[in-house]
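Colleague: Take 7 as the starting number for the first sequence in this note's numbering and just add one per residue.
Have a look at the structure that comes next, please.
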Amino acid sequence: MKIYNSLNRRLEDFEPLNPEQVTIYSCGPTVYDYIHMGNARTALVTDIIRRYLLYKGYNVKLVQNLTDIDDKIIRRAAELGTSAKQLAHENSEAYFEDSQRLGIHLADVHPKATEHIQDMINLIQILIDKGAAYVIDGSIYYRVNAFAEYGKLSNRKPEDLLAGARVEVDERKENPRDFDMWKAAKPGEPSWDSPWGKGRPGWHIECSAMAMKHLGETIDIHAGGEDLLFPHHENEIAQSELATGNTFARYWMHVAFLKIDGKRMGKSEKNFIFLRDALDHYPTEVIRHFLISAHYRHPLDYNQESLTKSEGAIRRLNNCLDALKKYDRDIDLSEPMDAPLQHAVQEMKSQFTQAMDTDFNTAQALGAIFTLVSEVNKSLSTFDESETPVLAQAYQALTETCQVLGIYDTEIQDSATDNEAKIEPLVDLLLEVRQDARNRKDWETSDKIRDRLKELNVEIQDTPQGTTWKFLARS
RNA sequence: GGUGGCGUAGCCAAGUGGUAAGGCCAGGGCCUGCAAAGCUCUUAUUCGUCGGUUCGAUUCCGACCGCCACCUCCA
Numbered sequence: 007m008k009i010y011n012s013l014n015r016r017l018e019d020f021e022p023l024n025p026e027q028v029t030i031y032s033c034g035p036t037v038y039d040y041i042h043m044g045n046a047r048t049a050l051v052t053d054i055i056r057r058y059l060l061y062k063g064y065n066v067k068l069v070q071n072l073t074d075i076d077d078k079i080i081r082r083a084a085e086l087g088t089s090a091k092q093l094a095h096e097n098s099e100a101y102f103e104d105s106q107r108l109g110i111h112l113a114d115v116h117p118k119a120t121e122h123i124q125d126m127i128n129l130i131q132i133l134i135d136k137g138a139a140y141v142i143d144g145s146i147y148y149r150v151n152a153f154a155e156y157g158k159l160s161n162r163k164p165e166d167l168l169a170g171a172r173v174e175v176d177e178r179k180e181n182p183r184d185f186d187m188w189k190a191a192k193p194g195e196p197s198w199d200s201p202w203g204k205g206r207p208g209w210h211i212e213c214s215a216m217a218m219k220h221l222g223e224t225i226d227i228h229a230g231g232e233d234l235l236f237p238h239h240e241n242e243i244a245q246s247e248l249a250t251g252n253t254f255a256r257y258w259m260h261v262a263f264l265k266i267d268g269k270r271m272g273k274s275e276k277n278f279i280f281l282r283d284a285l286d287h288y289p290t291e292v293i294r295h296f297l298i299s300a301h302y303r304h305p306l307d308y309n310q311e312s313l314t315k316s317e318g319a320i321r322r323l324n325n326c327l328d329a330l331k332k333y334d335r336d337i338d339l340s341e342p343m344d345a346p347l348q349h350a351v352q353e354m355k356s357q358f359t360q361a362m363d364t365d366f367n368t369a370q371a372l373g374a375i376f377t378l379v380s381e382v383n384k385s386l387s388t389f390d391e392s393e394t395p396v397l398a399q400a401y402q403a404l405t406e407t408c409q410v411l412g413i414y415d416t417e418i419q420d421s422a423t424d425n426e427a428k429i430e431p432l433v434d435l436l437l438e439v440r441q442d443a444r445n446r447k448d449w450e451t452s453d454k455i456r457d458r459l460k461e462l463n464v465e466i467q468d469t470p471q472g473t474t475w476k477f478l479a480r481s
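Shown next as structure tokens:
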């Protein structure tokens with residue numbers, strides 16, 4: 007299994023530090039607003055990495071933080087006339103709601119910055135003691151020159167950082183590149199007590215402190231959006247590694263940006279889209295399919311056309327799985343068959359694994375899945391009773407892999423069926439009446455029943471084996 | 001100025017030193033009372049341009065053109 011490590015800009019073999027448990031830290035959202043599709047992309051990539059590692063048999067501990075105190079939260083709260091605490095709380099709840107609607111499983115721990123103030127203070131104190139930090143008017147700055155390897159992640163030389171910088175330099179700092187780990191409280195701002203007076207933590211220190219608290223001094227995988235590579239992740243490394251003397255994260259993964267209608271998505275451009283709004287228009291599986299239709303390190307453009315394409319692809323997948331579902335109970339793994347489809351099933355599994363093993367290439371993995379879908383449909387169209395056990399195997403293989411990607415949820419499918427079980431006899435009755443009409447060649451009545459049922463989200467299909475029907479997926 | 005990335009069919013998107021997965025759309029055919037679904041055929045002699053290395057490059061190297069990201073809070 008290989009992972010592209012931003013640290014070396016190379017594909018590297020993945021070997022967890024502790025074979026018993028893979029540790030992952032994912033930089034979560036700053037909860038000053040609902041999360042947008044870009045946040046969702048990063049969260050989804052993390053979710054799928056975890057699902058795949060579990061599929062491979064690893065134990066995984068995933069930690070994803072929520073930044074619940076920062077400048078943006080304070081500013082937004084002031085605008086809305088609420089408290090920073092209340093705003094952060096509401097948006098945290100909204101985050102869990104939205105991400106679960108996207109089928110993202112909860113992390114094992116979701117630490118919040120405001121609940122780890124003491125851990126951060128302890129870490130800052132260590133850095134002060136080691137001479138890597140200094141105090142100015144109650145604020146603590148990290149002395150970048152104290153860490154010889156500063157710049158190793160972003161591949162930047164100290165001189166380069168100064169060149170095109172358009173940032174206002176705080177003249178009080180020893181070096182313009184030094185960053186704050188603790189900000190002295192300004193009047194009216196939320197603050198916490200510290201050995202240096204009232205204040206609040208800087209952004210970078212929270213991830214260092216919370217990652218190490220919940221996962222140890224060295225973690226396997228650290229993930230986040232590509233924009234976090236510098237300075238956020240660079241600073242996390244500087245803080246953590248200088249404090250402990252150990253490697254902070256062994257594999258750094260960065261998810262590329264999502265664009266909207268070809269343009270950079272950003273709050274300032276006013277062209278961002280909230281995940282919850284997207285979920286109001288498209289089913290979970292469609293959005294997930296869209297988000298993984300390109301490799302995670304490549305830019306992806308959110309637009310209606312792309313989502314429509316994913317809708318089509320998911321429809322094709324669901325049609326196939328629906329048709330296959332009735333063979334599921336016929337599974338018989340004891341007797342290996344020599345059907346051509348059997349080979350296709352094995353081939354798909356191996357292609358899927360190979361794709362995911364190569365830096366989680368979900369686009370390629372989807373290719374493998376849809377190749378089997380094609381083979382299954384072919385097999386179904388020339389229906390042969392003897393292939394039934396193989397169809398069951400195909401169903402198993404497809405649902406298993408689709409669940410790693412989260413583009414097919416059997417539980418949701420089942421619960422939907424339970425809910426609607428009551429009206430099944432009614433639909434069957436209507437189909438009986440329709441069949442009578444068809445026998446009389448009363449196409450008007452027959453088509454009316456079909457059309458009216460379609461309006462009620464019941465789709466019927468006349469096949470050589472008789473008429474079948476199903477509920478259409480609701481978004 | 002520095003760092004990194006991208007340019008593959010109508011669209012989206014994988015991929016490989018030996019001749020291009022998959023999806024969407026479109027057109028023809030089969031099936032059907034008509035649909036739907038499915039099947040089937042057609043759709044890049046070619047992978048931004050120009051050079052180089054090689055028996056052979058879309059894949060490696062160089063130059064150029066175009067696009068983008070980061071260097072500032074941002075997933």
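We put the CB at the ideal spot given by N, CA and C, even for glycine.
What is the DSSP secondary structure of W258, reduced to helix, strand or coil?
Modeller: In this structure, W258 counts as strand in the three-state DSSP scheme.
Colleague: Tell me the rounded alpha-carbon separation between A447 and G44.
Modeller: In the sequence as displayed, the identity of residue 447 is Lys instead of Ala. C-alpha separation (whole angstroms): 54 Å.
Colleague: Starting from T36, follow its DSSP beta bridges and name the residues at the other end.
Modeller: Answer by DSSP bridge pairing, in chain order: T73.
Colleague: Counting C-beta neighbours from all protein chains within 10 Å, is the total for E452 16 or more, i.e. buried, or is it exposed?
Modeller: Reading the sequence as shown, one finds Ser at residue 452 and not Glu. So S452 counts as buried.
Colleague: Output needed for E247: all residues of its chain with C-beta closer than 6 Å, excluding positions within five of it in sequence on either side, in chain order.
Modeller: Cβ within range, chain order: F254.
Colleague: For G231 and W449, I'd like the C-alpha separation in whole angstroms.
Modeller: Roughly 57 Å between the two C-alpha positions.
Colleague: What does the alpha-carbon distance come out to for the pair K118 and D334?
Modeller: Cα to Cα, the separation comes out at about 44 Å.
Colleague: Q245 and S214 - do their beta-carbons sit closer together than 7 Å?
Modeller: Yes, the Cβ-Cβ distance between S214 and Q245 is below 7 Å.
Colleague: Can you look up N65 in the DSSP assignment and give me helix, strand or coil?
Modeller: Three-state result, N65: coil.
Colleague: Since G231 sits in a beta bridge, which residues does DSSP pair it with?
Modeller: V261, per the DSSP bridge assignment.
Colleague: Can you check which of these residues, Q27, A46, L60, E99, is closest to M362 by C-alpha distance?
Modeller: The shortest C-alpha separation from M362 is found at L60.
Colleague: How about G412 and R322: are their beta carbons less than 7 Å apart?
Modeller: Cβ distance not < 7 Å, so G412 and R322 don't count as in contact.
Colleague: Tell me the residue span of the alpha helix (DSSP H) that contains T205.
Modeller: Here the sequence assigns Gly to residue 205, which means Thr is not the residue at that position. From DSSP, G205 is part of no alpha helix (DSSP H) but of the beta strand (DSSP E) over 205-207.
Colleague: Which of the three DSSP states is assigned to F20 in this structure?
Modeller: The answer is coil: DSSP assigns F20 none of H, G, I, E or B.
Colleague: Just verifying my parser: in three-state terms, what is the DSSP assignment at M7?
Modeller: Looking at M7 - three-state DSSP - the assignment turns out to be coil, as it is neither helix nor strand.
Colleague: The beta strand (DSSP E) that contains F185, what's its start and end?
Modeller: F185 -> beta strand (DSSP E) spans 185-190.
Colleague: Extract the residue ranges of the alpha helix (DSSP H) inside the stretch 332-394, only unbroken runs of 4 or more that lie entirely within it.
Modeller: Here the runs fully enclosed are 346-363, 368-387.
Colleague: Restricting to Cα atoms, I'd like to know which of W209, K454, K67, A329 is closest to Q471.
Modeller: Per the Cα distances, A329.
Colleague: Mind checking which residues open and close the beta strand (DSSP E) that includes S460?
Modeller: According to the sequence displayed, residue 460 carries Lys and not Ser. Taken as a continuous stretch (DSSP letters only), K460 belongs to no beta strand (DSSP E), being part of the alpha helix (DSSP H) at 449-461.
Colleague: Just how far apart, CA to CA, sit F278 and L313?
Modeller: If I take the Cα positions, the gap works out to 16 Å.
Colleague: CA-CA distance, L397 and V382?
Modeller: Each residue's alpha carbon lies about 7 Å from the other.
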